[in-house]
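Enquirer: Per the numbering used here, the sequence shown starts with residue 9, numbered consecutively. The C-beta atom is built at its ideal place from N, Cα and C for all residues, glycine as well. This one's a predicted model, so the numbers in the text were calculated from it and none came from an experiment. Take this structure first; my questions come after.
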Amino acid sequence: KSQKLKTWDLCSSALFLLSASVTFKIPVNPPSKMQSFTRPKNPHGFLSSVKYIIECSCPVLKNFLLVQICNVKFLTQCMCVFRTSNSSATLSSCASMEPCVSDEHFQAHSHAEHTFRRMETYLRTRKLCDVVLLAGERRIPAHRLVLSSVSDYFAAMFTSDVREAKQEEVKMEGVDPDALWVLVQYAYTGCLELREDTIESLLSASCLLQLSAVVQACCSYLMKQLHPSNCLGIRSFADAQGCLDLHKVAHNYTMEHFMEVMRHQEFLLLPACEVEKLLASDDMNVPEEETVVTALLSWVRHDAPSRQSQLPAVLAHIRLPLLKPQFLADMESNPLLRDSVECQRLVMEAMKYHLLPERRPLLQSPRTRPRKATVGALFAVGGMDATKGATSIEQYCLRRDTWRQVAAMSGRRLQFGMAVVDDRLYVVGGRDGLKTLNTVECYNPRSKSWSVMPPMSTHRHGLGVAVLEGPMYAVGGHDGWSYLSTVERWDPQARQWSFVASMATPRSTVGVVVLNSKLYAVGGRDGSSCLKSVECFDPHTNKWSSCAPMSKRRGGVGVATWNGFLYAIGGHDAPASSLASRLSDCVERYDPKTDVWTAVAPMSLSRDAVGVCLLGDRLYAVGGYDGQVYLNTVEAYDPQTNEWTQVAPLCLGRAGACVVAVKL
Numbered sequence: 009k010s011q012k013l014k015t016w017d018l019c020s021s022a023l024f025l026l027s028a029s030v031t032f033k034i035p036v037n038p039p040s041k042m043q044s045f046t047r048p049k050n051p052h053g054f055l056s057s058v059k060y061i062i063e064c065s066c067p068v069l070k071n072f073l074l075v076q077i078c079n080v081k082f083l084t085q086c087m088c089v090f091r092t093s094n095s096s097a098t099l100s101s102c103a104s105m106e107p108c109v110s111d112e113h114f115q116a117h118s119h120a121e122h123t124f125r126r127m128e129t130y131l132r133t134r135k136l137c138d139v140v141l142l143a144g145e146r147r148i149p150a151h152r153l154v155l156s157s158v159s160d161y162f163a164a165m166f167t168s169d170v171r172e173a174k175q176e177e178v179k180m181e182g183v184d185p186d187a188l189w190v191l192v193q194y195a196y197t198g199c200l201e202l203r204e205d206t207i208e209s210l211l212s213a214s215c216l217l218q219l220s221a222v223v224q225a226c227c228s229y230l231m232k233q234l235h236p237s238n239c240l241g242i243r244s245f246a247d248a249q250g251c252l253d254l255h256k257v258a259h260n261y262t263m264e265h266f267m268e269v270m271r272h273q274e275f276l277l278l279p280a281c282e283v284e285k286l287l288a289s290d291d292m293n294v295p296e297e298e299t300v301v302t303a304l305l306s307w308v309r310h311d312a313p314s315r316q317s318q319l320p321a322v323l324a325h326i327r328l329p330l331l332k333p334q335f336l337a338d339m340e341s342n343p344l345l346r347d348s349v350e351c352q353r354l355v356m357e358a359m360k361y362h363l364l365p366e367r368r369p370l371l372q373s374p375r376t377r378p379r380k381a382t383v384g385a386l387f388a389v390g391g392m393d394a395t396k397g398a399t400s401i402e403q404y405c406l407r408r409d410t411w412r413q414v415a416a417m418s419g420r421r422l423q424f425g426m427a428v429v430d431d432r433l434y435v436v437g438g439r440d441g442l443k444t445l446n447t448v449e450c451y452n453p454r455s456k457s458w459s460v461m462p463p464m465s466t467h468r469h470g471l472g473v474a475v476l477e478g479p480m481y482a483v484g485g486h487d488g489w490s491y492l493s494t495v496e497r498w499d500p501q502a503r504q505w506s507f508v509a510s511m512a513t514p515r516s517t518v519g520v521v522v523l524n525s526k527l528y529a530v531g532g533r534d535g536s537s538c539l540k541s542v543e544c545f546d547p548h549t550n551k552w553s554s555c556a557p558m559s560k561r562r563g564g565v566g567v568a569t570w571n572g573f574l575y576a577i578g579g580h581d582a583p584a585s586s587l588a589s590r591l592s593d594c595v596e597r598y599d600p601k602t603d604v605w606t607a608v609a610p611m612s613l614s615r616d617a618v619g620v621c622l623l624g625d626r627l628y629a630v631g632g633y634d635g636q637v638y639l640n641t642v643e644a645y646d647p648q649t650n651e652w653t654q655v656a657p658l659c660l661g662r663a664g665a666c667v668v669a670v671k672l
């Protein structure tokens, strides 16, 4: 019966073999034979079977089978070559090849864009909307899913068990209707327009809806719009909305530009509590405290009847003891203050600070602490660094807590002395690596220019320099051959150097500082060892006298004064048995009234050849050498709390840098 099947029946039988895993008989040449096949599970074995069928079949069946096989996906992936010629065809064997089937990943990159574009179309045509937002008189249809996916506010509303989750209409209290519509559109498009006339309502609504990206964009926009005429309003608005970054930026802008801010209407309209906050800040950028008083009195005059009674509370935040005596005298007779007992008390307190300087340690208060901008800036000049001689000058801004390089010396100079005369930096003596110098140069921080000054009579390095009642003194040092006890004085009026009385002891790497109209020479070394002795020079008698010695010998010691005390910081002791014992983190305080040294809190690490200077009400220890590296770290000492804190580091590690404060 099988032998009588027509050609298409044979084709159907062959195709069945491709789709079934069964044993199947099919006629082959010669017709007397019947061949049995079973579809193998392995596609390679199955391919070999099909090949045999094709080769044994008639030409018509061959071609038909080849076409059908090529349409079967899993066979075409295994197949290598089909060849047809003169109505005959062959299938090359693939039994020895590995399968080349692999998974593929498809992603429509514009899928999200197209989806949200369709959703926006539904929004505009009001199709499939399932919620209506009510803001004022405006009805805004929308889709819960879209709103919830963008806004945490709506996500909480529509996915929680609250009343609004099931309502078709939701009231949006306290939201500007136009701002709400803009933000609903943003949920669908991711785009919005920021304009000066709508930015506040937009920021307020985006804060409510917890759209963090929009909040950030609005805050960035307002930061760019800051101006002395609007910064106080933006600062207040940011505070009301809880935008901390914007509030911080607006506050800092106000402090930085207070000289211009105080002239605008926003300042004059501030409530008393806000004026108190501003005037209490240490960060206010004013050249002197008199500027703050002027601003306060202008604010009071703007509405004197209601504000005069608030004046004493605000005046308490002014640093009255730091005002000039003449300015204080004028304040005492000012009509706005004259009739207030509390205002007069504050003025008298400030006058006592000026009239009784010996009692100033007992009169310390927040009002005696200078604002950061009024104390000037620190300058760290030269010193030894990894290249064996730094020539750069770095400036420290207390308000910003940053160092930056501002200039450079004209050449290499080590172990020199430096002091400030008329807000100019005088660089005195030192050595250039080959010889000891007697030259003097002057740097003007405002013009950033150098000028050459008359030289000293003696070549000196390792000297100490300080200014006492106008003249500048160059004390001790080394001339390249011997340790010096001689002292020279520079007269800025006559522009010449002259000798004064010599010290009792030669001293190099000595700390020199002025306290109570006297010149102090602290520690140093005399050629055989470091010294702990201290000498004091009285310019009126032209004599040196001995003071109580420190508890430790110190060369390369840093010295500064604050509130009637002298501080000796860091340094080294030599000779010593080990490196660790040579370097010091010790800090001692000298009281000239009792002639006694007292140990106070040590630094965080040992510093030899450390630069020390008073800036405001803190002592700064700058750089130094710790026995291994030249330090770029800086720490500040608060005498009132007896604590050291780290501040911004130098740009360049250096030891032996001269550090001074200049009021710019």
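How should Trp552 be labelled, buried or exposed, when 16 other C-beta atoms within 10 angstroms of its C-beta is the threshold for buried?
Expert: buried
Enquirer: Does DSSP classify Phe424 as helix, strand or coil?
Expert: Of the three classes helix, strand and coil, the one that applies to Phe424 here is coil, per DSSP.
Enquirer: With a cut-off of 8 Å, do at least 3 Cβ pairs link the region 168 to 180 to the region 193 to 207?
Expert: no
Enquirer: By how many angstroms is the C-alpha of Leu672 removed from the C-alpha of Gly349?
Expert: Just to set this straight, residue 349 is Val in the shown sequence, not Gly. Going from the Cα of Val349 to the Cα of Leu672 covers about 36 Å.
Enquirer: Could you spell out where the alpha helix (DSSP H) holding Leu210 opens and where it closes?
Expert: Taken as a continuous stretch (DSSP letters only), the alpha helix (DSSP H) holding Leu210 covers 207 to 217.
Enquirer: Taking the C-alpha atoms as reference points, what is the distance between Leu234 and Ala258?
Expert: 7 Å
Enquirer: The beta strand (DSSP E) with Arg597 in it runs from where to where?
Expert: 595 to 599
Enquirer: Would you report the Cα separation of Gly438 and Gly484, rounded to the nearest angstrom?
Expert: The C-alpha of Gly438 lies about 12 Å from the C-alpha of Gly484.
Enquirer: Please classify Glu121 as buried or exposed, where buried requires at least 16 neighbouring CB atoms within 10 angstroms.
Expert: exposed
Enquirer: Less than 8 Å between CB atoms is the rule here; does Arg420 satisfy it with respect to chain D?
Expert: Protein chain content of the structure displayed is limited to a single chain, and chain D is not contained in it.
Enquirer: Specify the secondary structure class of Leu155 as computed by DSSP and reduced to three states.
Expert: Taken through DSSP and simplified to helix, strand or coil, Leu155 comes out as helix.
Enquirer: With H, G and I counted as helix, E and B as strand and the rest as coil, what does DSSP make of Trp458?
Expert: strand
Enquirer: Between the Cα of Val269 and those of Asp290, Cys281, Val300, spot the shortest distance and give me the residue it belongs to.
Expert: Val300
Enquirer: State the start and end residues of the unbroken beta strand (DSSP E) segment that holds Cys544.
Expert: 542 to 546
Enquirer: With a 10 Å radius around its C-beta and 16 neighbouring C-beta atoms as the bar for buried, classify Asp253 as buried or exposed.
Expert: exposed
Enquirer: Ignoring anything shorter than 3 residues, give me the beta strand (DSSP E) runs that lie fully in the region 445 to 522, in order along the chain.
Expert: The qualifying runs are 448 to 452, 457 to 461, 472 to 475, 480 to 486, 491 to 499, 504 to 508.
Enquirer: Cα separation between Leu613 and Gly563?
Expert: In this structure, the straight-line span from the alpha carbon of Leu613 to that of Gly563 is close to 17 Å.
Enquirer: In this structure, does DSSP put Ile326 in helix, strand or coil?
Expert: coil
Enquirer: Count the other CB atoms, across all protein chains shown, that sit within 10 Å of the CB of Ser490; report buried if there are 16 or more and exposed otherwise.
Expert: Answer is exposed; the Cβ neighbour count stays below 16.
Enquirer: Note the first and the last residue of the continuous alpha helix (DSSP H) segment covering Phe114.
Expert: Where Phe114 is concerned, there is no enclosing alpha helix (DSSP H), given that its DSSP letter is neither H nor E.
Enquirer: Check the C-beta distance from Glu449 over to Met461 and give it rounded, since I have them as a contact under 8 Å.
Expert: Yes, they are in contact, since the Cβ atoms of Glu449 and Met461 sit about 7 Å apart, within 8 Å.
Enquirer: So which of Cys659, Gly566, Val508 has the shortest CA-CA distance to Asp546?
Expert: Val508
Enquirer: Check each candidate in Thr549, Ala529, Arg561, Val521 and name the one with the smallest Cα separation from Lys540.
Expert: Residue Arg561 is the option with its Cα nearest to Lys540.
Enquirer: In whole angstroms, give me the CA-to-CA distance for Gly661 and Gly635.
Expert: 13 Å
Enquirer: Give the single residue among Pro479, Thr410, Tyr404, Arg408 whose Cα lies nearest to the Cα of Glu434.
Expert: Before going further, note that residue 434 is Tyr rather than Glu in the sequence given. When each option's Cα is compared against that of Tyr434, the closest is Pro479.
Enquirer: What's the call for Leu442, buried or exposed, on a 16-neighbour Cβ count within 10 Å?
Expert: exposed
Enquirer: If I measure Cβ to Cβ from Ala609 and keep anything under 8 Å in the same chain, skipping five residues before and after, which residues do I get?
Expert: These residues qualify, in order along the chain: Val595, Tyr645, Asn650, Glu651, Trp652.
Enquirer: Going by CA-CA distance only, name the one from Leu523, His548, Val495 that's closest to Ala512.
Expert: Val495
Enquirer: My assumption, with CB atoms under 8 Å, is that Val530 sits in contact with Val565. Please give the rounded CB distance.
Expert: 6 Å
Enquirer: Quickly, what does DSSP pair Tyr645 with across the bridge? List them, please.
Expert: Paired residues: Leu627, Trp652.
Enquirer: Shortest alpha-carbon distance to Pro583 belongs to which of Leu574, Asn550, Cys621, Ser537?
Expert: Ser537
Enquirer: Identify whether Pro149 lies in helix, strand or coil by the three-state DSSP scheme.
Expert: Reduced to three states, the DSSP call for Pro149 is strand.
Enquirer: With H, G and I counted as helix, E and B as strand and the rest as coil, what does DSSP make of Lys81?
Expert: Since pLDDT at Lys81 reaches only 42, below the 50 mark, its modelled position is unreliable, and the value read off the structure follows with that caveat. Lys81: helix per DSSP, three-state reduction.
Enquirer: Roughly how many whole angstroms lie between the Cα atoms of Leu471 and Gly535?
Expert: 14 Å
Enquirer: Would you kindly work out how many angstroms separate the C-alpha atoms of Ile148 and Thr129, rounded to a whole number?
Expert: 14 Å
Enquirer: Report the rounded CA-to-CA distance for Pro378 versus Cys659, giving the unit in angstroms.
Expert: Rounded to the nearest whole angstrom, the CA to CA distance from Pro378 to Cys659 is 26 Å.
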